[in-house]
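**Student:**
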Amino acid sequence: MPVTGKVTVGGQVFNLSAPLTLPPPVTPGFPDATNTGVPAGTVLRNIVVGNSGPGWSAETVGGNPVFYVRTAGTLIDAFNIPFSVKVMANNVTFKRTRIAASGYYTINVSDPPTYYNGLTLTDCEIDGLNGTGVPGIAVMAGSNATYTRCNFHGFGSSGPRMAGGCTLQDSWIHGFVCVVPEHSAGSSANGGGTNIRWLHNNIDMIPIVGPNSCASNCISIYSDFAPASAYDGVQMIGNRIRGGAYGIYTLQNQGAKNVRVENNVFVRGSFAFGPAAQVQSGSNGNTFSGNTYEDGAPIN
Amino acid sequence: MAVQASLTVAPSSPAHGDTVTATYSVTGNDPIPPSTGTVHGVATVGGQALDVQTTITLPGTPAASESFAVPTMSGLTFVATANPRVFTALVP
Chain A
1 MPVTGKVTVG GQVFNLSAPL TLPPPVTPGF PDATNTGVPA GTVLRNIVVG
51 NSGPGWSAET VGGNPVFYVR TAGTLIDAFN IPFSVKVMAN NVTFKRTRIA
101 ASGYYTINVS DPPTYYNGLT LTDCEIDGLN GTGVPGIAVM AGSNATYTRC
151 NFHGFGSSGP RMAGGCTLQD SWIHGFVCVV PEHSAGSSAN GGGTNIRWLH
201 NNIDMIPIVG PNSCASNCIS IYSDFAPASA YDGVQMIGNR IRGGAYGIYT
251 LQNQGAKNVR VENNVFVRGS FAFGPAAQVQ SGSNGNTFSG NTYEDGAPIN
Chain B
1001 MAVQASLTVA PSSPAHGDTV TATYSVTGND PIPPSTGTVH GVATVGGQAL
1051 DVQTTITLPG TPAASESFAV PTMSGLTFVA TANPRVFTAL VP
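Top line first, the protein sequences correspond to chains A and B. Here the first sequence is numbered in the numbering used here, starting from 1 and rising by one per residue. Here the second sequence is numbered in the numbering used here, starting from 1001 and rising by one per residue.
1. Could you work out which residue in Ser216(A), Val38(A), Lys257(A), Ala89(A) is closest to Thr148(A) when comparing CA atoms only?
2. Quick one: residues in its chain with C-beta nearer than 8 Å to the C-beta of Asn64(A), no 5 flanking neighbours on either side, listed in chain order?
3. Got a sec: is the Cβ-Cβ distance from Ser303(A) to anything in chain B below 9 Å?
4. Measuring from the CB of Gly274(A), is there a heavy atom of the ligand MN at a distance below 8 Å?
5. Answer yes or no: does any C-beta atom of chain A fall closer than 9 Å to that of Ala1080(B)?
6. With 9 Å as the threshold, decide whether the Cβ of Gly29(A) is near any Cβ in chain B.
7. Report, in whole angstroms, the separation of the C-beta atoms of Asn202(A) and Ile237(A), which I expect to be a contact under 8 Å.
8. Are there three or more Cβ pairs, one per stretch, closer than 8 Å when the stretch 1011 to 1025 of chain B is compared with the stretch 3 to 17 of chain A?
9. Does DSSP put Ala228(A) in a helix, a strand or coil?
10. Taking Cβ to Cβ, would you say Val177(A) is nearer than 9 Å to Val209(A)?
11. For Asn64(A), which three-state DSSP category applies?
12. For Val69(A), which residues in the same chain have their Cβ closer than 8 Å to its Cβ, ignoring the five residues on either side in sequence?
13. For Val49(A), tell me which candidate among Val43(A), Gly62(A), Gly41(A), Val66(A) has the shortest Cα-Cα distance.
14. Could you please tell me which residues of the stretch 1028 to 1040 of chain B, in chain order, have their CB closer than 7 Å to any CB of chain A?
15. Does the beta-carbon distance from Gly128(A) to Ala141(A) come in below 9 Å?
16. Output the distance between the C-alpha atoms of Gly1060(B) and Asp1030(B), rounded to the nearest integer angstrom.
17. Apart from the five residues on each side of it in sequence, which residues of its chain come closer than 6 Å, Cβ to Cβ, to Tyr293(A)?
18. Could you tell me whether the Cβ of Gly37(A) comes closer than 9 Å to any Cβ of chain B?
19. Starting from Phe14(A), trace the beta strand (DSSP E) in both directions and tell me its first and last residue.
20. Could you name the residues of the same chain whose beta carbon sits closer than 8 Å to that of Ala1015(B), not counting the 5 residues immediately before and after it, in chain order?
21. Mind checking if Thr1008(B) is an interface residue toward chain A, Cβ cutoff 9 Å exclusive?
22. What does a CB cutoff of less than 6 Å around Asn190(A) pick up in its chain, not counting 5 residues either side in sequence?
23. Who are the Cβ neighbours of Thr42(A) in its own chain at under 6 Å, not counting the five residues just before and after it?
24. Pull up the distance between the alpha-carbon of Val1020(B) and that of Ala1089(B), whole angstroms please.
25. Below 9 Å on C-beta distance, what does Thr21(A) contact in chain B?
26. Pull out every residue of the stretch 198 to 218 of chain A whose Cβ sits closer than 8 Å to any Cβ of chain B, in chain order.
27. Expressed to the nearest angstrom, what Euclidean distance is found between the alpha-carbon atoms of Ser171(A) and Leu119(A)?
28. Report yes or no: is there a C-beta of chain A within less than 9 Å of the C-beta of Ala1048(B)?
29. Determine the contact status of Ala163(A) and Ile126(A), defining contact as a CB-CB distance below 9 Å.
30. Which residues, in order along the stretch 1057 to 1087 of chain B, keep a beta-carbon less than 7 Å from a beta-carbon of chain A?
31. Quick one: what's got a C-beta closer than 8 Å to Cys218(A)'s C-beta in the same chain, skipping five residues either side?
32. How long is the line joining the alpha carbons of Phe1078(B) and Ser1012(B), rounded to whole angstroms?
33. I want to see whether chain B comes within less than 9 Å of Met1(A), judged by CB atoms only; does it?
34. Relative to the C-alpha of Gly274(A), which residue among Gln235(A), Ser216(A), Asp123(A), Asn117(A) is closest?
35. Beta carbon of Ser289(A), beta carbon of Gly255(A): below 9 Å?
36. Does Asn35(A) come out as helix, strand or coil in the three-state DSSP assignment?
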């Protein structure tokens, strides 16, 4: 369906149109087991050490199995990978794939000092196996990553970490473990960036293992490795937020710019202190609007 | 030069949460500057034909006024920007 418009020059009228393809409508309700992860009926290839294919190989390194991707643009489709993944190339895509491993990073996108960008996960399940030995993180932060309709669970520290150009959408983050005194976040950015987006996710930080005292938030931007002002263009829109000291940390009152917190649904009573922290709508292009509790009561 | 107009939208395949920008463009609507010319004539005096001439400056023509309607598309709400040719919409 095109965009239509009209220009009048003197008395002359021009009726105009331009093509535009909108994304599919978001799933009604919020993401859950029915619409995230590997689609039902998908036949997965079970990967074992020694397997390899175009751009990838399953190897043993230091006594541990690792699934390596070393070729840019590699597509992994319909795999069951029962160990950690190391991506050492840009623009790698995983589709309809289950990755299950405990450890610091289930998916690592670095070969220090090099970090790789453009990772895409679509219809994937990333399982931290409820590991309590180390605080697990689902995916290391890399720029321009896109995570769509994924099911992240079983982690102790964080779901996917975000950086500039990253989008997490239509995904389900849940089933965390809490090992006191660890702190956890559903998904966070820690080093600044532009165009970081959390869109229509269901993030539940009430743990399934351990006490309910680890979760700092469901979504956050932190100034761990860059000042708050290094964030310019962040969208936290249309998410379901349950659990945490605060549901969302916004850095709006710390100098972050164009942080839009809109139309999120917060689960009442699930936060130690409140639904959102560091809010300062109206400054630096920041917004906090349309946010409600599940019963529709507005949050201002 | 004939007047032409066009409309472009970018990005053409946005994702949820993207801002799309619709931009009108008009070409050929240029002002015409004043121009000078010569008027020739003949005056006959006592049977003698005399060629005469004078110069004249014709007025210019300003560019025609332009107006730009708010673009429309089902599911999107475009809003004006500081540039009257540019409109933006957030993809829900």
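All residues carry an ideal CB built from backbone N, CA and C; glycine is no exception. Owing to the predicted nature of the structure, the values given are computational and were not obtained by experimental measurement.
**Tutor:** On the basis of the data shown:
1. Residue numbering aside, residue 148(A) sits at position 148 when the first sequence is read from its first letter. Comparing Cα-Cα distances from Thr148(A) to each of Ser216(A), Val38(A), Lys257(A), Ala89(A), the minimum goes to Val38(A).
2. Taking the first sequence and counting its residues from 1, one reaches residue 64(A) at position 64. Contacts found: Phe83, Ser84.
3. With chain A covering only 1 through 300, there is no way to say anything about residue 303(A).
4. No copy of the ligand MN appears in this structure; indeed no ligand is present at all.
5. Taking the second sequence and counting its residues from 1, one reaches residue 1080(B) at position 80. Not an interface residue.
6. Stepping through the first sequence from its first residue, residue 29(A) is reached at position 29. For Gly29(A), the answer is no, since every Cβ of chain B falls outside 9 Å of its Cβ.
7. On the first sequence, residue 202(A) is found 202 positions in, with the first residue counted as 1. On the first sequence, residue 237(A) is found 237 positions in, with the first residue counted as 1. Actually they do not touch by this definition, with Cβ atoms about 14 Å apart.
8. yes
9. As a working note, residue 228(A) is residue 228 in the first sequence. Three-state result, Ala228(A): helix.
10. Along the first sequence, read from residue 1 onward, the residue named residue 177(A) stands at position 177. Along the first sequence, read from residue 1 onward, the residue named residue 209(A) stands at position 209. Contact: yes.
11. Position 64 of the first sequence, counted from the start, is the residue given in the question as residue 64(A). Here Asn64(A) sits in strand by DSSP.
12. Looking up residue 69(A) in the first sequence gives position 69. Gly55, Trp56, Ile76, Val85, Lys86, Val87, Met88, Ala89, Val92.
13. If you number the first sequence from 1, residue 49(A) lands on position 49. Ranking Val43(A), Gly62(A), Gly41(A), Val66(A) by Cα distance to Val49(A) puts Val66(A) first.
14. Asn1029
15. The residue labelled residue 128(A) in the question sits at position 128 within the first sequence. The residue labelled residue 141(A) in the question sits at position 141 within the first sequence. Contact flag unset, no.
16. Residue 1060(B) sits at position 60 when you count from the first residue of the second sequence. Residue 1030(B) sits at position 30 when you count from the first residue of the second sequence. Taking the straight line joining both Cα atoms gives about 11 Å.
17. As a first step, residue 293(A) is located in the first sequence; it is residue number 293 there, counting from the start. So the list reads Phe266, Arg268, once near-sequence residues are dropped.
18. Locating residue 37(A) in the first sequence gives position 37, where the first residue counts as 1. Chain B contact via Cβ: absent.
19. What you label residue 14(A) is simply residue 14 of the first sequence in a count that begins at 1. Element bounds for Phe14(A): 12 to 18.
20. As a position in the second sequence, residue 1015(B) is number 15, starting the count at 1. Around Ala1015(B): Val1091.
21. Position 8 of the second sequence, counted from the first residue, corresponds to residue 1008(B). So yes, Thr1008(B) belongs to the interface.
22. As a first step, residue 190(A) is located in the first sequence; it is residue number 190 there, counting from the start. Closer than 6 Å at Cβ, skipping near neighbours: Tyr222, Asp224, Phe225.
23. In the first sequence, the residue the question calls residue 42(A) occupies position 42. Cβ neighbours of Thr42(A) beyond the five flanking positions: Ala78, Arg96.
24. Within the second sequence, residue 1020(B) is the residue found at index 20, counting from 1. Within the second sequence, residue 1089(B) is the residue found at index 89, counting from 1. Their backbone Cα atoms lie some 5 Å apart in a straight line.
25. Translated into positions along the first sequence, residue 21(A) becomes position 21. Within 9 Å Cβ-Cβ: Ser1012, Ser1013, Pro1014.
26. Leu199, His200
27. Numbered from 1 along the first sequence, position 171 holds the residue referred to as residue 171(A). Numbered from 1 along the first sequence, position 119 holds the residue referred to as residue 119(A). So the alpha carbons of these two residues sit roughly 16 Å apart.
28. Numbered from its first residue, the second sequence carries residue 1048(B) at position 48. As written in the sequence, residue 1048(B) is Gln, which differs from the Ala given in the question. False, the Cβ-Cβ gap to chain A never drops below 9 Å.
29. Residue mapping note: residue 163(A) aligns to position 163 of the first sequence, counting from 1. Residue mapping note: residue 126(A) aligns to position 126 of the first sequence, counting from 1. It is not a contact, given that the beta carbons lie outside the stated cut-off.
30. Ala1064, Ser1065, Glu1066, Ser1067, Phe1068, Ala1069, Pro1071, Thr1072, Met1073, Ser1074, Gly1075
31. On the first sequence, residue 218(A) is found 218 positions in, with the first residue counted as 1. For Cys218(A), where only same-chain residues beyond five positions count, the Cβ hits under 8 Å are Ile173, Ala185, Gly186, Ser187, Ile203, Asp204, Met205, Asn239, Ile241, Arg242, Gly243, Gly244, Gly247, Ile248.
32. In the second sequence, the residue the question calls residue 1078(B) occupies position 78. In the second sequence, the residue the question calls residue 1012(B) occupies position 12. Answer to the nearest angstrom: the Cα atoms are 15 Å apart.
33. Residue mapping note: residue 1(A) aligns to position 1 of the first sequence, counting from 1. Output row for Met1(A): interface = yes.
34. The residue given as residue 274(A) occupies position 274 in the first sequence. The option with the nearest alpha carbon to Gly274(A) is Ser216(A).
35. Position 289 of the first sequence, counted from the start, is the residue given in the question as residue 289(A). Position 255 of the first sequence, counted from the start, is the residue given in the question as residue 255(A). Not closer than 9 Å, so no.
36. Mapped onto the first sequence, residue 35(A) falls at position 35. Coil at Asn35(A), not helix or strand.
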